[in-house]
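Trainee:
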Amino acid sequence: MFGVVSLQSVMLLVAVAFVVAFVLLLYMLSPLVNPARLGLSGAHVVVTGGSSGIGKAIAIECVRQGACVTLVARNEAKLLQAKREVEEHVVNESQAVLCISVDVSNDFNQVESVIKQAQEKLGPVDMLVNAAGTSVAGRFEDIKPQEFKRLMEVNYLGSVFTSLAVVPGMKERRKGRVVYVSSQAGQLGLYGFTAYSPTKFALRGLAEALQMEVKPYNVYVTLAFPPDTDTPGFHEEIKDKPLETKLISETAGLYQPEFVAKVIVKDAVLGNFNSSVGSDGYMLCSLTSGMSPVTSITEGLQQVVTMGLFRLISLFYLCSFDSIVRRCMMKREGCTSPKTE
Ligand SMILES: NC(=O)c1ccc[n+]([C@@H]2O[C@H](COP(=O)([O-])OP(=O)(O)OC[C@H]3O[C@@H](n4cnc5c(N)ncnc54)[C@H](OP(=O)(O)O)[C@@H]3O)[C@@H](O)[C@H]2O)c1
């Protein structure tokens, strides 16, 4: 009897030791299969939405690392002001900051032509960051039909047009990074974001499919999921946010654009597919990783190990969000229990 138990214990120990050794081996091999780092010194980075908020902070971070930057947005005065701010961070005399006024969502030919002009001045685009975006928050039935269309045009098509303008060149040169700034609202649907969330989910489909196409050409895609970030765009959005959306958002913190930008640029340089900020962001990325590309064995292993636990935690979050929505509805409608008929 004792002999059998001890034999089983030994076999269990051997199995555990084997798994631990295998995991350690994968960790050690991880750097060998990761994409090669993209040095930003002397690189040309195009940042859409570069005149404000997260885009401007990303431009500053890239310039600090020695890149030449093209800022893309519509309002010329804001662009010029941003150009001056970004220029304050250059680290050598050869760096240049260019700004281009264009609506990224309007006409592909126009977008292609301005990117071509930027490439003539600052060289081929090494990194494209799609940060131009806008949001509308409100109850589904209160949002005008044309707003759904406008948001899809700016947040999704705007990123498609710029990518179409640079990806062929990147494939030819066997080098490049394309960054899409999605949102945590592109990982889960929240009250008030029926117009905004789908545009950010759409970026995920684009990023995943594009990554599979361009990976053999040494071009890497990064999909960033920023949390609430203290930007002019955030303060504009908050004005119309339903109470439910505000209460749900309050459960997470408000981040500074400089911090968010550092994380995004670091992940893009390393060629990481997912880019998240903070512990909530890490949990959401792991939870929603599904069939998304993995750029390191370490990341894949972490997802395998944590997914079940994070799903359990997410159920508590969902219960608390549902409870917020139910209480707000009862208060608004002056009833003591939710209507069922
Ligand atoms: N702030 C947050 O809490 C947060 C959280 C998650 C994700 N995000 C995403 O992060 C990105 C940046 O957000 P932000 O808060 O930094 O916004 P922001 O401060 O409002 O900046 C938006 C930038 O995009 C430009 N832009 C807007 N529409 C454009 C268009 N059609 N063509 C060209 N440029 C356009 C704006 O310049 P012009 O208006 O002059 O064109 C501006 O430079 C957005 O995609 C947003 O959805 C933000």
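So the mapping is simple: the numbering used here equals the position in the sequence shown, first residue as 1, plus 9. For glycine and all other residues, C-beta sits at the position ideal for the given N, C-alpha and C.
Less than 6 Å between C-beta atoms, sequence neighbours within five positions excluded: which residues of the same chain meet that for G167?
Mentor: For this step, residue 167 is matched to residue 158 along the sequence shown. Contacts found: V113, S114, A141.
Trainee: Could you tell me if T345 is buried or exposed, where buried requires 16 or more neighbouring beta carbons within 10 angstroms of its beta carbon?
Mentor: Sequence index remark: in the sequence shown, residue 345 carries index 336 (1-based). Label assigned to T345: exposed.
Trainee: Let's test the definition: count the other Cβ atoms within 10 Å of the Cβ of A218 and tell me whether it reaches 16, buried, or not, exposed.
Mentor: As a first step, residue 218 must be located in the sequence shown, where it is residue number 209. Exposed, by the Cβ-count rule.
Trainee: Among L137, I109, V23, S50, whose alpha-carbon lies nearest the alpha-carbon of E102?
Mentor: On the sequence shown, position 93 is the one that residue 102 refers to. Answer by Cα proximity: S50.
Trainee: Relative to ligand 1, is the shortest distance from any of its heavy atoms to the C-beta of S144 smaller than 7 Å?
Mentor: In the sequence shown, residue 144 corresponds to position 135, counting from 1. Under cutoff, so the answer is yes.
Trainee: Does the distance from the CB of L47 to the CB of M136 come in under 8 Å?
Mentor: Locating residue 47 in the sequence shown gives position 38, counting from the first residue. Locating residue 136 in the sequence shown gives position 127, counting from the first residue. It is a contact, given that the beta carbons lie within the stated cut-off.
Trainee: Measure the CB-CB distance between L197 and L324 and report whether it falls below 8 Å.
Mentor: Counted from its first residue, the sequence shown places residue 197 at position 188. Counted from its first residue, the sequence shown places residue 324 at position 315. Not in contact: L197 and L324 (Cβ atoms no closer than 8 Å).
Trainee: G214: which of V286, V169, V313 sits nearest, CA to CA?
Mentor: Within the sequence shown, the letter at position 205 stands for residue 214. The residue with the shortest Cα to Cα distance from G214 is V169.
Trainee: Which residue spans inside the segment 232-300 form an unbroken beta strand (DSSP E) run of at least 3?
Mentor: Taking only runs of at least 3 residues, the beta strand (DSSP E) segments lying wholly in the segment 232-300 are 283-285.
Trainee: Please classify T238: is it buried, with 16 or more other beta-carbons within 10 angstroms of its beta-carbon, or exposed?
Mentor: Here residue 238 refers to the residue found at position 229 of the sequence shown. The residue in question, T238, is buried, as its Cβ has 16 or more Cβ neighbours within 10 Å.
Trainee: Tell me the rounded alpha-carbon separation between T260 and T254.
Mentor: Position 251 of the sequence shown, counted from the first residue, corresponds to residue 260. Position 245 of the sequence shown, counted from the first residue, corresponds to residue 254. Roughly 10 Å separates the two Cα atoms.
Trainee: Would the beta-carbon of K87 be found less than 7 Å away from any heavy atom of ligand 1?
Mentor: In the sequence shown, the residue the question calls residue 87 occupies position 78. Result yes, Cβ under 7 Å from ligand 1.
Trainee: Can you tell which of M20, E222, V190 has the C-alpha that lies nearest to the C-alpha of F234?
Mentor: As a working note, residue 234 is residue 225 in the sequence shown. Closest by alpha carbon: V190.
Trainee: Taking the CB atoms as reference points, tell me whether A397 and V334 lie closer together than 8 Å.
Mentor: It is not possible to answer for residue 397, since the shown part of the chain is limited to 10 through 350.
Trainee: Alpha carbon to alpha carbon, how far is C328 from L321? Give it in angstroms, no decimals.
Mentor: If you number the sequence shown from 1, residue 321 lands on position 312. If you number the sequence shown from 1, residue 328 lands on position 319. Approximately 11 Å between the Cα atoms of the pair.
Trainee: Would you tell me roughly how many angstroms separate the C-alpha atoms of H53 and G343, rounded to the nearest one?
Mentor: For the purposes of this step, residue 53 is taken as residue 44 along the sequence shown, with counting starting at 1. For the purposes of this step, residue 343 is taken as residue 334 along the sequence shown, with counting starting at 1. Roughly 58 Å between the two C-alpha positions.
Trainee: Is the Cβ-Cβ distance between L33 and C77 less than 8 Å?
Mentor: Indexing the sequence shown from 1 puts residue 33 at position 24. Indexing the sequence shown from 1 puts residue 77 at position 68. Not in contact: L33 and C77 (Cβ atoms no closer than 8 Å).
Trainee: Report, in whole angstroms, the separation of the C-beta atoms of G62 and T143, which I expect to be a contact under 8 Å.
Mentor: Looking up residue 62 in the sequence shown gives position 53. Looking up residue 143 in the sequence shown gives position 134. Not really, about 11 Å apart at Cβ, beyond 8 Å.
Trainee: For the alpha helix (DSSP H) holding T57, just list the boundary residues, first then last.
Mentor: Mapped onto the sequence shown, residue 57 falls at position 48. Where T57 is concerned, there is no enclosing alpha helix (DSSP H), although the beta strand (DSSP E) it sits in stretches over 53-57.
Trainee: Taking a contact to mean a Cβ-Cβ separation below 8 Å, would you say V351 touches V223 in this structure?
Mentor: Given that the chain is displayed from residue 10 to residue 350, the structure contains no residue 351 and the question cannot be resolved.
Trainee: Hey, could you find the ends of the beta strand (DSSP E) A68 is sitting in?
Mentor: Mapped onto the sequence shown, residue 68 falls at position 59. Taken as a continuous stretch (DSSP letters only), A68 belongs to no beta strand (DSSP E), being part of the alpha helix (DSSP H) at 62-73.
Trainee: Express the C-alpha separation of K275 and V111 in angstroms, rounding to a whole number.
Mentor: Translated into the one-based positions of the sequence shown, residue 111 becomes position 102. Translated into the one-based positions of the sequence shown, residue 275 becomes position 266. V111 and K275: Cα-Cα distance of roughly 27 Å.
Trainee: In chain order, what residues of the same chain have a beta carbon less than 7 Å from the beta carbon of K92, not counting five sequence neighbours either side?
Mentor: By one-based count along the sequence shown, residue 92 stands at place 83. Taken in chain order, the residues that qualify are L80, V106, C108.
Trainee: Could you check whether L160 and Y205 sit closer than 8 Å to each other, using their CB atoms as the reference points?
Mentor: Here residue 205 is taken as the residue at index 196 of the sequence shown, counted from 1. Here residue 160 is taken as the residue at index 151 of the sequence shown, counted from 1. Yes, they are a contact pair.
Trainee: Please report the straight-line C-alpha distance between G185 and Q128, rounded to a whole angstrom.
Mentor: Indexing the sequence shown from 1 puts residue 185 at position 176. Indexing the sequence shown from 1 puts residue 128 at position 119. Near 14 Å, if we compare the C-alpha coordinates of Q128 and G185.
Trainee: Less than 7 Å separating the Cβ of D135 from some heavy atom of ligand 1?
Mentor: Stepping through the sequence shown from its first residue, residue 135 is reached at position 126. No.
Trainee: Please work out which residues of its chain come closer than 6 Å, Cβ to Cβ, to Q265, disregarding the five sequence neighbours upstream and downstream, and give them in chain order.
Mentor: For the purposes of this step, residue 265 is identified with residue 256 of the sequence shown, where counting begins at 1. Closer than 6 Å at the Cβ level, and outside the excluded window around Q265, lie D239.
Trainee: Would you say the beta carbon of A141 comes nearer than 7 Å to a heavy atom of ligand 1?
Mentor: Counting from one through the sequence shown, the residue named residue 141 turns up at place 132. Yes, the Cβ of A141 comes within 7 Å of a heavy atom of ligand 1.
Trainee: Just the C-alpha distance for M351 and T231, rounded to the nearest angstrom, thanks.
Mentor: The structure shown does not extend to residue 351, since the chain spans only 10 to 350, so no value can be given for it.
Trainee: According to DSSP, what are the bridge partners of A204?
Mentor: Residue mapping note: residue 204 aligns to position 195 of the sequence shown, counting from 1. None; A204 has no bridge partner.
Trainee: Taking M136 as part of the beta strand (DSSP E), name the residues at either end of that continuous run.
Mentor: For this step, residue 136 is matched to residue 127 along the sequence shown. Note, M136: beta strand (DSSP E), 136-139.
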